[in-house]
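Here the structure is laid out as structure tokens; the discussion comes afterwards.
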């Protein structure tokens with residue numbers, strides 16, 4: 388089946404540092420979504436992207452829809468301890484009926 | 521904020537029991553989904569529905585079954601629970617973007 392390659396798999400950073408993670412694929416997507424999941428909870432939608440080249444912010448989070456439509460990036464600026472969690476990218480393929488393909492997640496740990 | 525609910529949140533049950541995990545949404549979304557996820561791991565789609573009386577199996581084979589008799593309700597049933605069914609089950613709905621419920625953590629002893 389289709390796959391999304393999400394990296395890095397995990398990150399250990401100091402509070403205040405910036406974070407970058409990305410998802411890539413060999414397939415073309417028409418939607419990219421970024422979710423955050425905390426232990427014992429369901430994923431929460433952070434940012435949705437719909438157009439190639441689109442750059443969207445949500446507070447300290449910024450995500451971009453890659454120009455080739457095969458990748459997406461999420462940046463977190465000035466990380467804080469509550470940023471801890473697993474971040475998942477998800478993409479919707481062109482001509483799909485809406486089902487998403489998920490990356491395997493990036494586990495973020497922040498040291499105060 | 522998405523209005524999607526799952527009950528129970530936690531369930532510990534013995535082998536061989538029949539269980540039903542409930543999922544409801546109040547957004548009027550046609551599309552609903554069930555995912556299975558082991559802690560800290562990737563999400564696996566096990567069932568989806570595009571509307572009332574429509575159900576399909578997902579990418580990961582599952583012994584569970586689902587039904588969609590009402591738009592807002594998408595329950596998942598296991599006829600005979602086994603320890604291999606121990607996992608977190610996440611329900612989601614979509615009217616464009618996909619929103620998740622809080623999940624049910626199932627433990628089969």
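Residue numbers (the working numbering), protein chains in the order written: chain C, 388 to 499; chain W, 521 to 629. Ideal Cβ positions, reconstructed from N, Cα and C, are used throughout, including at glycine.
Check, Outcome
"Identify the residues that DSSP records as bridge partners of residue 627/W: which are they?", "532/W"
"Taking Cβ positions only, does residue 485/C come closer than 8 Å to chain W?", "yes"
"Sorted by chain position, which residues of the same chain lie with C-beta nearer than 6 Å to residue 540/W's C-beta, five sequence neighbours on each side aside?", "595, 597"
"Kindly indicate the opening and closing residues of the beta strand (DSSP E) around residue 458/C.", "458 to 463"
"Looking at the secondary structure, which residues open and close the beta strand (DSSP E) in which residue 570/W lies?", "564 to 571"
"For residue 546/W, collect the residues of the same chain with a Cβ closer than 6 Å to its Cβ; drop the 5 residues on either side in sequence, then sort them by chain order.", "523"
"If you follow the beta strand (DSSP E) that residue 398/C is in, where does it begin and where does it stop?", "397 to 401"
"Terminal residues of the continuous beta strand (DSSP E) containing residue 442/C?", "442 to 445"
"What separation, rounded to the nearest whole angstrom, lies between the Cα atoms of residue 434/C and residue 587/W?", "31 Å"
"For residue 575/W, collect the residues of the same chain with a Cβ closer than 6 Å to its Cβ; drop the 5 residues on either side in sequence, then sort them by chain order.", "569, 586, 588"
"What is the residue span of the beta strand (DSSP E) that residue 552/W lies within?", "551 to 557"
"At what residues does the beta strand (DSSP E) containing residue 481/C begin and finish?", "That residue, residue 481/C, is in no beta strand (DSSP E); it is neither H nor E in DSSP."
"Sorted by chain position, which residues of the same chain lie with C-beta nearer than 6 Å to residue 565/W's C-beta, five sequence neighbours on each side aside?", "555, 578, 579"
"Compute the Euclidean distance between the alpha carbons of residue 405/C and residue 533/W, then round it to the nearest angstrom.", "44 Å"
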